[in-house]
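Undergrad: Chains A and B are the protein sequences, given in the same order.
Take 10 as the starting number for the first sequence in the working numbering and just add one per residue.
Take 38 as the starting number for the second sequence in the working numbering and just add one per residue.
All C-beta atoms, glycine included, are put in the ideal place defined by N, C-alpha and C.
Only a predicted model underlies this, so the values are computations on that prediction, with no experimental measurement involved.
Let me give you the structure first, and then I'll get to my questions.
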Amino acid sequence: DTAVSQTPKYLVTQMGNDKSIKCEQNLGHDTMYWYKQDSKKFLKIMFSYNNKELIINETVPNRFSPKSPDKAHLNLHINSLELGDSAVYFCASSQGGAGGETQYFGPGTRLLVL
Amino acid sequence: EDQVTQSPEALRLQEGESSSLNCSYTVSGLRGLFWYRQDPGKGPEFLFTLYSAGEEKEKERLKATLTKKESFLHITAPKPEDSATYLCAVVGGDGQNFVFGPGTRLSVLP
Numbered sequence: 010d011t012a013v014s015q016t017p018k019y020l021v022t023q024m025g026n027d028k029s030i031k032c033e034q035n036l037g038h039d040t041m042y043w044y045k046q047d048s049k050k051f052l053k054i055m056f057s058y059n060n061k062e063l064i065i066n067e068t069v070p071n072r073f074s075p076k077s078p079d080k081a082h083l084n085l086h087i088n089s090l091e092l093g094d095s096a097v098y099f100c101a102s103s104q105g106g107a108g109g110e111t112q113y114f115g116p117g118t119r120l121l122v123l
Numbered sequence: 038e039d040q041v042t043q044s045p046e047a048l049r050l051q052e053g054e055s056s057s058l059n060c061s062y063t064v065s066g067l068r069g070l071f072w073y074r075q076d077p078g079k080g081p082e083f084l085f086t087l088y089s090a091g092e093e094k095e096k097e098r099l100k101a102t103l104t105k106k107e108s109f110l111h112i113t114a115p116k117p118e119d120s121a122t123y124l125c126a127v128v129g130g131d132g133q134n135f136v137f138g139p140g141t142r143l144s145v146l147p
């Protein structure tokens, strides 16, 4: 009965490859997010998305793209992976998108680019 | 630009030794301040949401308070299972996006 789930849990790949991380939430929430947690443990927002609007953090390279097949899923596609993309990626969701709602996080996907 | 700092960076306590963690923030139009707990290898786990200065929330040994500039997470008589990284985040203005602080790594020794 996991609320926010991500697959895979671990991802090891070579530079230049294209990969995807999947996220699903069963909370009935309207808004989903992707965060990156780097080696210094800072959590930084990458995207927020509901069925009306995609908000992109302007510092995120356009090699990263979120894709949402439906309200319960938000996948993260990464093209031409680079060494600096190695990090833990967290998916989160919240009810509504007006701001200030509590976000619930998934367990994370640990990406290592060799 | 919204900013969050947390202190101390790391804190070691003996079991039963109460203390407080600080979260200082700069935000235009606070919509909410959030406390999370993160265990190694796991995602952040929600603890509290505070919306306005003067508000307080409690859960077991934890109590969160909020002023116009900072929030405190008070830990009363901590146990070893309280060991974790505690993260503070704010949402301000018309934004939906959380701005996280760097966290405080708490270790409670038996």
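(1) Could you give the distance in angstroms between the alpha-carbon of glycine 91 of chain B and the alpha-carbon of isoleucine 112 of chain B?
(2) According to a CB-to-CB cut-off of less than 8 Å, which residues of the segment 71 to 85 of chain A neighbour chain B?
(3) Could you pull the start and end residues of the beta strand (DSSP E) that threonine 102 of chain B belongs to?
(4) Three or more beta-carbon pairs under 8 Å between the segment 93 to 108 of chain B and the segment 51 to 68 of chain B, yes or no?
(5) So, using beta-carbon positions, are leucine 120 of chain A and alanine 96 of chain A closer together than 8 Å?
(6) Can you confirm whether the segment 67 to 76 of chain A touches the segment 100 to 115 of chain A when touching is taken to mean that 3 or more C-beta pairs between the two stretches lie within less than 8 Å?
(7) Taking contact to mean 3 or more Cβ pairs, one atom from each stretch, closer than 8 Å, check whether the segment 68 to 75 of chain B and the segment 119 to 128 of chain B are in contact.
(8) What are the residues in the segment 102 to 129 of chain B lying within 9 Å of chain A by C-beta distance?
(9) Excluding five sequence neighbours on each side, which residues of the same chain lie with their C-beta closer than 7 Å to the C-beta of alanine 114 of chain B?
(10) State yes or no: is the beta carbon of leucine 128 of chain A nearer than 8 Å to at least one beta carbon in chain B?
(11) Taking C-beta pairs closer than 7 Å, name the residues in chain A that threonine 86 of chain B reaches, listed in chain order.
(12) For proline 77 of chain B and chain A, any beta-carbon pair shorter than 8 Å?
(13) Indicate the three-state DSSP secondary structure (helix, strand or coil) for aspartate 79 of chain A in the structure shown.
(14) Taking the C-alpha atoms as reference points, what is the distance between leucine 87 of chain B and isoleucine 65 of chain A?
(15) If the cut is a Cβ gap below 9 Å, which residues of chain B does glycine 115 of chain A touch?
(16) From the beta carbon of glycine 140 of chain B, is the nearest beta carbon of chain A less than 8 Å away?
(17) Exposed or buried, which one is histidine 38 of chain A when buried takes at least 16 other CB atoms within 10 Å?
(18) Quick one: residues in its chain with C-beta nearer than 7 Å to the C-beta of glycine 129 of chain B, no 5 flanking neighbours on either side, listed in chain order?
TA: Taking the structure as given:
(1) Position 54 of the second sequence, counting from 1, holds the residue named residue 91 of chain B. Position 75 of the second sequence, counting from 1, holds the residue named residue 112 of chain B. One C-alpha to the other measures close to 18 Å.
(2) none
(3) In the second sequence, the residue the question calls residue 102 of chain B occupies position 65. Per DSSP, threonine 102 of chain B belongs to the beta strand (DSSP E) from 99 to 103.
(4) yes
(5) In the first sequence, counting from the first residue as 1, residue 120 of chain A sits at position 111. In the first sequence, counting from the first residue as 1, residue 96 of chain A sits at position 87. For leucine 120 of chain A and alanine 96 of chain A, yes; Cβs fall inside 8 Å.
(6) no
(7) Yes, they touch.
(8) Thr122, Leu124, Ala126, Val128 and Gly129
(9) As a working mapping, residue 114 of chain B is identified with position 77 in the second sequence. Around alanine 114 of chain B, the same chain offers Gly53, Ser55 and Arg98 as residues with beta carbons nearer than 7 Å, after the five sequence neighbours per side are excluded.
(10) Outside the modelled stretch of chain A, which goes from 10 to 123, sits residue 128 of chain A, for which no answer is possible.
(11) By 1-based counting over the second sequence, the position of residue 86 of chain B is 49. Thr111, listed in chain order.
(12) Within the second sequence, numbered from 1, the residue matching residue 77 of chain B stands at position 40. By this cut-off, proline 77 of chain B is not an interface position.
(13) Here residue 79 of chain A refers to the residue found at position 70 of the first sequence. Strand at aspartate 79 of chain A.
(14) Sequence index remark: in the second sequence, residue 87 of chain B carries index 50 (1-based). Sequence index remark: in the first sequence, residue 65 of chain A carries index 56 (1-based). Taking the straight line from one Cα to the other gives about 26 Å.
(15) Counting from one through the first sequence, the residue named residue 115 of chain A turns up at place 106. Within 9 Å Cβ-Cβ: Gly80.
(16) Here residue 140 of chain B is taken as the residue at index 103 of the second sequence, counted from 1. Yes, glycine 140 of chain B lies at the interface with chain A (some Cβ there is under 8 Å from its Cβ).
(17) Residue mapping note: residue 38 of chain A aligns to position 29 of the first sequence, counting from 1. Counting Cβ neighbours within 10 Å, histidine 38 of chain A comes out buried, since at least 16 surround it.
(18) The residue you call residue 129 of chain B lines up with position 92 of the second sequence. Cβ neighbours of glycine 129 of chain B beyond the five flanking positions: Asp39, Val64, Ser65, Gly66, Leu67 and Arg68.
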